[in-house]
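Chemist: Residue numbers (this note's numbering): 110 to 179.
Where is the CB? At the ideal position from N, CA and C, for every residue including glycine.
Keep in mind it's a predicted model, so treat the numbers as computed, not measured.
Handing you a structure now.
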């Protein structure tokens with residue numbers, strides 16, 4: 110069993126790549142997710158910044174195709 114979370118947002122920085130001693134790729138970045146809502150008739154929005162990591166081939170593909178703002 111596993112948990113799945115889907116977040117829609119924008120990358121706040123390009124993917125930072127590094128490699129483990131085993132040679133496995135590790136990519137890190139962050140995304141900004143903005144939630145828009147209305148409270149007592151007032152429109153508001155909150156932005157949450159979330160650190161993300163990619164591993165192995167997924168890290169290499171993310172580094173190739175994802176850039177800041179995408």
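(1) What does DSSP give as the partner residues of residue 127 in its beta bridges?
(2) Helix or strand or just coil, what does DSSP make of residue 122?
(3) Is the beta carbon of residue 158 sitting closer than 9 Å to the one on residue 140?
(4) With distances taken from CA atoms, which of 118, 120, 133 is nearest residue 59?
(5) Which one of 173, 151, 165 has the shortest CA to CA distance from residue 130?
Modeler: With the given structure in hand:
(1) Partner residues in the beta bridge of residue 127, as assigned by DSSP, are 135.
(2) Residue state, collapsed to three classes: coil.
(3) Yes, the Cβ-Cβ distance between residue 158 and residue 140 is below 9 Å.
(4) No answer is possible for residue 59: it lies beyond the span of the chain, which begins at 110 and ends at 179.
(5) Of 173, 151, 165, the residue nearest in Cα terms is 165.
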